[in-house]
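Using numbering that gives the first Met the number 0, you'd call the opening residue of the sequence shown number 0 and step up by one each time.
Think of the CB as a built atom: it goes at the ideal place given N, C-alpha and C, for glycine as much as any other residue.
Remember, predicted model here, so these are calculated numbers, not experimental data.
Let me begin by presenting the structure, written as structure tokens, before commenting on it.
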Amino acid sequence: MNPFLAVLLVIGAAYAGMAYADDVVHINGDPYAFIAYKDTIRIVDLSVPHAPLMAYSIPVQSEDSHMVTFHMDKGLYLVAYDAGDDSLHIFDVTSPYSPVSTHTVQHVGAVTGLDIVDTPQETLVMLAYDDTIRMLSVSVPDNPSIVHTIHPVWGSHIPDGISHMLPFGIHDDSYALAVGKTSAQIIDLDEPNSFKVSIQQNVHGFDHIGEFTDAQILEYDSRVYGLLAGHDSVIITDLSSPDNPHQVGVISLESEDTHPLRIDVIHGGDTPYILILDGEILHIADVTQPDMIFSVQVGPDLHNVIGYADGVHLEVLLTGDDLLILDVTDPAQATPAYLRGDQKLLAPLTVETVVIQDSLYVVTISSAGDTIQIFEITNSDDIIPVSEVAGGQFGYKGIHGPQDITIVQQHNNKTYAIIPNVNSNSVAILDISDPHVPVLIHSINDIPEIKSPVGVETFDVGSSSYIAIAVNFINGVFLVDITDIHAPRPALLIRDGQYGFEALSGATGLESVTIDDTVYLLVTGYYDNAVQIIDLTDPLSPAPAAAIFDDVGGYSIGGPHQIKAATMESGTYAVVTSIYDDTITIIDITDPVSPSMTSQITGSDFQGITSPDYMDILQTDGHTYVMVTSYYDASVSVIDMTDPASPILVSSAIHNVDGFDMEGPLGISVKSHDGSTYAAVAAYFGNGIQIIDMTDLSAPRPHSLISSGIENSVALFGSHGIGHIIVDDTPYAISSVFSQDAVRITDISDPLKPIPITVLENDESFALDGPIGVTSGAIAGKPYALISSVWSGAIQVVDMSNPSLPVPASVIGSHADSSEGYRGVVEANLAYVNGHVYVVAISGFEDVVHIADVTDPYNPTHIATIKDGTGGFTFSASQGLDIAYTPNGVFAIVAGFIPGTIQIIDISDPHTPAPASFVTTETENFELIGYMPDITAVQIGNKTIMAAISYRTNTITLADITDPFNIQYINTIQSGQPDIFIHNPESIEALTIGDQVYVAVASINDSIELLNITDPHNPTLAGLAGSGIESTIYGVTDLDSIRVGSSHYILALTPNSDISYIIEITDSGISQVSNIPPVPVR
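Below, the structure written as structure tokens:
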């Protein structure tokens, strides 16, 4: 055998728990895998290879050789043996997202293997035992029956410990190959007790390869072959003459691995390949050229291999402690599916610049898109997309909700990107030494203390290397030894409130710095409004050096986000950006035990630092500069802090000024290369990265742009779009997928097992270009949903009488309509007034409120348009809307995002709406209502209470609007108060349970908090969403509440279209119970 020709990739392990794939089948043209995982069988949708989705989890304890699928009467069925209850289960899996149990056969005995065979008369399941085979007819899946039992007879040989039953056909005859531990037997299925020749090792020319570990049938060139795998070899047996099987070849691997070989067969056109998983190596053998074997190193803990064709591509699915798909269309260039090349930027969160082999690259992450992307910017006039790593629900190595990046360059010329992921509670390590072929080598996961990791930093102590991980929900920092980066070792957790650490609540920003040969870690405690300095002289015994708190010693560091350090001639300094207080604080930490404030920059000092967020530091020509982004001012400020006591604003770059294009700037990274200095800025809203030439820091200029356009933004005006509807007493969730122009309908009558019903897509029937708002209600006794779509400039009215087949009733306000201003419609609500039904809609683009009569939903009538700044109305960039019914009439409440206004409109006569009252950020007690993405109203006793959230100030403002003409301030709830954890809230929902009234608040940079406002003067914490079933609840953009039976639930939407939570409200708080299935949109 020739030496193996290629070792292409090195890949490692991620998810804990055994997972073996039995088969991949196509359902309606799309591939699905059936995977045994712990005590369940998972049905996994592989239609998007880089982002597999779990369609359903069946609670059956099975193994790969104990389950099989078969077709019957245009349906697909799964047969699985459950060793836990000694029974055989049959499921109808024709609809893989909602399988149905068809029948259960009890007490079937200790099955060792099973398979399916079709005979001219019936469909049979072959159940193998140690020395017996039973034939079970499943021609009628809901009434299976034993039709034959094969026992040993004199002169026959049934292998001991049968593990595989492999059917095959020769002409019109049916056979099976029963494979035991060391031998196999051919059985004539037309005459089951008429045994053919047995295959025994060291007999009749068959090699000895030890115990068989796997077996497959290969049909090629009008012949049938049996493949029998042993410890390090595969015997190829010609079965074409069942009376005379004979060995025609053997593949010897000379393996030193202790893992059993697993094999499968895949056909590429006229060429069949044998797939052999040998521990950490996948071998691909070309049957037509036996000496041609390609090898791919795939890493440890992958235990099974399955090949399948997907259109023109050949794919290999590897399962075990992880799930990996390889494209082997060209076996010599096997490529992981997670490596993509479309390079579509989607809400980039942060960036890092790095020099690799004398070339300059920018690495960026997207939590919304679950991607890591690399671009070469060596010649910034010619930006080159280099590679993309994509993840998702089953993202390889846990790429699911990436939040931060740090770059590690080791002495062996290796470069690594380390990425924490909040949705998989893991930290991925990516080898980017060759940026064109990044390789996911490891995942730090399955560690309970790594819960919601949002930041990462590296540091060295002696000859050892470490990473520090900010674990937001644990309120601490987790240390990991990465001296051997291929085998990271957990070190310990540093937790708030323990061993003298007092400023780590909501740990977010991290920075390491060496002072007098001692390594220190600087940490921002977001919820403590504080900074913790940690002495890492002994990383296994860290010590608190000092803590700095907001409003103590003159510090204004409310909402501290990022922290950086700079060492200058005058000492070592920390720089902190604080989102709440609009400050950049410079702290002298030359003596880390006794830090002192050097200076503090506020928004009144320099323009362009409203809620300063991300930053980077550049030291050049004897000067030290800090470059700070402001999400709200859409700007980058360059500040000279060479004299830290008197920082100077050098220059600013502002979106839409002088050619800069950076809508919603967040992460920034600065690097000098070949005599020039460049800053890369992640434009979250604009789906882009602005490259800025900073060579002349006094005059930064836009140099180039990487962008997929703001029209593709998932973050535009907030990612709203979840609601519900009740049809014939059955509750359904309605969730929009902004990035895919689609709306999903899900049956949630059993919240533990939501069932997808259908998907509405933007086409000639439905106007759903950029769906962003969902509302529903009864009109003329029938259920309707109304979907607001930004780019359609319209509200789609949908008849939901049959949720499986929704009917487009009408479109309100399309561009073709004569009514103006529906462009950018972000939300609509139904209002019931004097026996008529109206829709009230707001447009953040046009600064208008529309009213249409939908009493006849198939023929709506536009009746009024209210414009900002006319007739006494004030609602600029409106985003929030609710309807309040009071003794004084019916009113619409409109929240203006910028600068912050609440306009109450009297719509008691919808044809002549009139301003009732309004408040602004200049109204006493309402100063904190700026940047409101949502608003709600609720009845508490005989009073109507309004609750408005502020994205910028992280507050909830409560007011009494019982008299809508006279708004009465009640209270302000602010993050940082005891038990209040609000971080950029996007949505608020009011709900009443018994005699108690609550508001649920969703934060894009945090979780969900439930507050009891029954006494609005004294709100209390009722529940905080921590960890869920398989992912931390992090990054929520919209909420809806629903009662199912006697229980109450919250439906929660995230920017990631694959994640929508169902959360139960109980007496003890709130907890995730399931996810709305992420049905793929075609």
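What's the call for A109, buried or exposed, on a 16-neighbour Cβ count within 10 Å?
Flag for A109 reads exposed.
Terminal residues of the continuous beta strand (DSSP E) containing V751?
It should be pointed out that residue 751 corresponds to Leu in this sequence rather than to Val. Segment: none, L751 is in no beta strand (DSSP E) and carries neither H nor E.
Got a sec? Which residues, its chain only, sit under 6 Å from L715 by beta carbon, not counting five neighbours each side?
In this predicted model, L715 has a pLDDT of only 39, less than 50, meaning its place in the structure is not dependable; the value taken from the coordinates is given anyway. Cβ neighbours of L715 beyond the five flanking positions: none.
In whole angstroms, what separates the C-alpha of T911 from that of I850?
Roughly 10 Å between the two C-alpha positions.
Counting only runs that start and end within the stretch 203 to 248, where is the alpha helix (DSSP H) found for 4 or more residues in a row?
DSSP runs (the alpha helix (DSSP H)) wholly in the stretch 203 to 248: none.
Can you tell me the Cα-Cα spacing of I418 and V455, whole angstroms?
Between I418 and V455, the C-alpha separation is close to 7 Å.
Could you check what DSSP says for Q402 in three-state terms: helix, strand or coil?
Coil, per DSSP.
Using a Cβ-Cβ cut-off of 8 Å (strictly less than) and excluding sequence neighbours within five positions of V286, which residues of its own chain qualify?
So the list reads L217, Y219, T270, P271, Y272 and I273, once near-sequence residues are dropped.
Could you tell me whether the stretch 497 to 513 touches the stretch 549 to 562, using the rule of 3 or more Cβ pairs below 8 Å?
Verdict: yes, contact present.
On a CA-only basis, which of D639, G268 and T943 is nearest V627? Give me that one, please.
Comparing Cα positions, the closest option is D639.
If we call anything under 8 Å between Cβ atoms a contact, is T582 one with Q599?
The answer is yes: Cβ separation under 8 Å.
Assuming I1064 contacts I1075 under a Cβ cut-off of 8 Å, what Cβ separation, rounded to an integer in Å, is found between them?
Going by Cβ atoms, the distance from I1064 to I1075 rounds to 17 Å, so no, they are not a contact pair.
From this set, V512, A529, P489 and D660, which residue's C-alpha is nearest E501's C-alpha?
The shortest Cα separation from E501 among V512, A529, P489 and D660 belongs to A529.
Helix, strand or coil, according to DSSP, for F765 in the structure here?
Coil at F765, not helix or strand.
Using 8 Å as the threshold, is the C-beta distance between V421 and S442 below it?
Cβ atoms of V421 and S442: not closer than 8 Å.
Using only alpha-carbon positions, find the residue among L767, H485 and P611 that is nearest to K413.
For the residues L767, H485 and P611, the minimum Cα distance to K413 belongs to H485.
Taking the straight line between their C-alpha atoms, what separation do you get for V518 and S56?
Straight-line Cα distance between these residues: approximately 47 Å.
Can you tell me whether H435 is buried or exposed, with buried defined as 16 or more other CB within 10 angstroms of its CB?
Flag for H435 reads exposed.
Measure the beta-carbon distance from P701 to G658 and round it to whole angstroms, keeping in mind my assumption that it falls under 8 Å.
Yes, P701 and G658 are in contact; Cβ-Cβ is about 5 Å, under 8 Å.
Please list the terminal residues of the continuous beta strand (DSSP E) segment that includes T328.
First-last for T328: undefined, no H or E at that position.
Tell me N828's beta-bridge partners as DSSP assigns them.
According to DSSP, which records beta bridges pairwise, N828 is partnered with V839.
Would the stretch 928 to 947 and the stretch 866 to 886 be scored as touching if the rule is three or more Cβ pairs under 8 Å?
At 8 Å Cβ cutoff, the stretches touch.
Excluding the five sequence neighbours on either side, which residues of its own chain have a C-beta within less than 6 Å of the C-beta of P541, listed in chain order?
Counting only Cβ-Cβ distances below 6 Å, and skipping sequence neighbours, we find I493, I533 and L535.
Taking only the alpha-carbon atoms, compute the straight-line gap between V178 and A214 and give it to the nearest angstrom.
Each residue's Cα considered, the two are about 7 Å apart.
Could you give the residue range of the beta strand (DSSP E) that holds E351?
Here the beta strand (DSSP E) through E351 covers T349 to I355.
Jot down the residue ranges of each uninterrupted beta strand (DSSP E) in the stretch 525 to 586, minimum 3 residues, whole runs only, in chain order.
Whole beta strand (DSSP E) segments, 3+ residues: 529 to 534, 542 to 548, 559 to 567 and 570 to 577.
Do Y395 and D321 have their C-beta atoms closer together than 8 Å?
Their beta carbons are under 8 Å apart, which means Y395 touches D321 by this criterion.
Is H49 helix, strand or coil when you go by DSSP?
The answer is coil: DSSP assigns H49 none of H, G, I, E or B.
Specify the secondary structure class of H672 as computed by DSSP and reduced to three states.
Three-state result, H672: strand.
Please state the DSSP three-state secondary structure of Y395.
Helix.
At a cut-off of 7 Å, is S675 close to the ligand FMN when judged by its beta-carbon and the heavy atoms of the ligand?
The ligand content of the structure shown is nil, which means the ligand FMN is not present either.
Which residue's Cα is closest to the Cα of G28: L317, R41 and V47?
Answer by Cα proximity: V47.
Taking DSSP as the reference, what is the three-state secondary structure of Q60?
Q60: coil per DSSP, three-state reduction.
Can you look up H65 in the DSSP assignment and give me helix, strand or coil?
Three-state result, H65: helix.
Tell me whether F844 sits in a helix, a strand or coil according to DSSP, three-state version.
Coil.
If you measure between the beta carbons of I1083 and V832, is that distance less than 8 Å?
The requested residue 1083 does not occur in the structure, where the chain is confined to residues 0 to 1081.
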